[in-house]
Each structure stands twice: as C-alpha cells, then as structure tokens.
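Notes follow once the structure below has been shown.
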Amino acid sequence: MKKLCILLFGIFSYLVGLLGLTAFMLYMGGWSFLPMHVNSAVANGATAQAIVINLLIMALFGLHHSIAARSSFKEKLTRFMPVEMERSAYVLVSGIFMFAICLYWQPLPGSVWSVNNTIAVVVLKSIHVLGWLVLVGATFEIDHFHLMGLKQSITMNPSEGDRLKENFLYRMVRHPIQTGVLLGIWSTDYMSMTQFMLSTCLTLYIFIGLHYEEKSLISHFGDVYLDYKKRVPAVIPFWPVR
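Structure, rendered in structure tokens:
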C-alpha cells in the first residue's frame, strides 16, 4: 500500500508539474488565440498595489525554490514523508506556483517595446519557442523523469547519479534549462510592462539561484565540475570562459 501511495503521488505531482510548466510557457507566449496570456489582462487598478502583489508572488516563488532545494530542508522533510516522495512534493508545489503566476500576476500599464516588422516578429516568436524546446530537451538529457520526481516513485530509488553528464546541450552551456527559460521569457515582439516585470524578476532569481547551484555542483562533483566550468560557459553559448 505504501508503494502504491508513493507511486500515485508521484504520478499526480508529475502531471501537476508538467501542466503547470506548460501553462506558464503558453502564458508567456502572449499568443492571441489563447483566452489568457501575459498580455490579456488590462491594468485598471492601482499600479503600486499591482507591483506589491507581483513582488509578493515572486518572493513566495523564490522562497520555495530556494529553501526546498537545500539539503537541510530535504532532510527535515523526509522525517514526515518517504524520501522517494521528496522530489515529487517539490515538483507539485512548483507546478502550483506556475499556475498561480498565470492566474494572479497583476497587469501593469505601458510597454517597453513593440515590434511590427513581420520578419522580426517571426524570428522573435521562433526564438521564444526554441527556448522552451531547449528547456524541455535539457531535462531529458539529464534524466527528465528523475528531475520531475516520477522515476523515484516508480523505482523507489531516490539516489542521484554521480557522473557529470555532458550531452549535446550541456556541451554548449552548463545550464541549458536556464538558457531556455531566458529565451522563452525575453524573446517577444511585444514586451508589456506586465511581462517585463515578470521576466526581470525571473532573470534575477535565475542568476541568484545559479550562484548557489554552482557551489553545490562544485561540492558534489569536485575537480570534474571545476574543469567543466573552465571549458563551458554558464548560460550563453560560445561566451568566453575564464
């Protein structure tokens, strides 16, 4: 019964996480054929209030991702649930936050840029889609189902691999998932202030998070990762490394 509960929780969490991520990717696209997207709502309230609400949403989002990723928190969490469920719980809450951003991110008046040239619009939209494809592809290169917690709930084995993987995308950048996100949130033909604030907050969070993730990876892989860091740029392909 315990294994069945872990499996069902893993499947449920995976679906919520996957649907939440998909909803967020579509939301950020500003696609006019969708009933709801980042630019669909009209700002009709107090701008200061909208900014405060947005900052609160992002603070909660960042707080969860920062605290829940710490080893000390994971150890405490597994006192209350099986270790095989820990990653699934993280994915579940992350998926809920993705939905929350789509539903509750407050619109702001104004825009930063608007591109009307047809070719430029196609290029920007293509880069936007490419970004999300890079994100998804990168998860499969390092073990998508383990990253999303589903593998642990099926195999009952929560352990991570000890080998640093340098597959296709990971030969170009050390953090292709973050590269994909940055392309997805910034490549748009119409950058409203609503999207600009969200993209800016996410970008700041990404680079702050990478600072600590790099330390964790060095601690885990040691000299192997230090050598990798000397050869491969962080998020921008072909960027000079020191």
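Residue numbers (full-length UniProt numbering): 1 to 242. All C-beta atoms in this analysis are idealised placements derived from N, C-alpha and C, irrespective of residue type, glycine included. Here the structure is a predicted model, which means the values were calculated and not measured.
| query | result |
| --- | --- |
| Under 9 Å between C-beta atoms of residue 302 and Glu86 | The shown model of the chain, from 1 to 242, leaves out residue 302, and the question about it has no answer. |
| Identity of the residues DSSP links to Tyr190 by a beta bridge | Ser114 |
| Which listed residue (Ser153, Glu160, Glu166 and Val121) has its alpha carbon closest to that of Ala138 | Glu166 |
| Separation of Leu26 from Gly131, as counted between CA atoms | 12 Å |
| Distance CB(Asn54)-CB(Trp105) smaller than 9 Å | yes |
| Close beta carbons around His64, own chain, < 7 Å, minus the five adjacent residues each side | Val93 and Phe97 |
| Selection from Ile51, Ile154, Val181 and Tyr225 that minimises the alpha carbon distance to Ile11 | Ile154 |
| Cα-Cα separation, Lys229 to Gly184 | 24 Å |
| Distance CB(Ser192)-CB(Val112) smaller than 9 Å | yes |
| Own chain partners of Tyr190 with C-beta closer than 8 Å, once the 5 adjacent residues on each side are dropped | Gly30, Asn39, Ser111, Trp113, Ser114 and Val115 |
| Residues near Gly20 in its chain [Cβ-Cβ closer than 8 Å; skip 5 each side] | Ser94, Gly95, Ile96, Phe97, Met98 and Phe99 |
| Backbone CA spacing between Ser71 and His37 [nearest angstrom] | 35 Å |
| 7 Å Cβ shell around Gly180 - same chain, five flanking residues per side excluded | Gly131, Trp132, Val134, Leu135 and Ala138 |
| Spatial distance of residue 249 from Phe207 (CA atoms) | Because the chain spans 1 through 242 in this model, residue 249 falls outside it and cannot be assessed. |
| Lys151, buried or exposed, once every other Cβ within 10 Å from all chains shown has been counted against 16 | buried |
| Backbone secondary structure at Gln106 - three-state DSSP | coil |
| Beta carbon of Tyr205 nearer than 9 Å to that of Leu217 | no |
| Close-in-space but distant-in-sequence residues of the same chain around Leu18 (CB under 8 Å, 5 per side omitted) | Gly95 and Met148 |
| Residue from Thr194, Phe196, Glu141 and Leu7 with nearest C-alpha to Tyr170 | Glu141 |
| Nearest neighbour of Ser187, chosen from Pro176, Ser199 and Thr194 [CA to CA] | Ser199 |
| Spatial distance of Leu34 from Val129 (CA atoms) | 16 Å |
| Contact check, Ala50 vs Pro107, beta carbons under 9 Å | yes |
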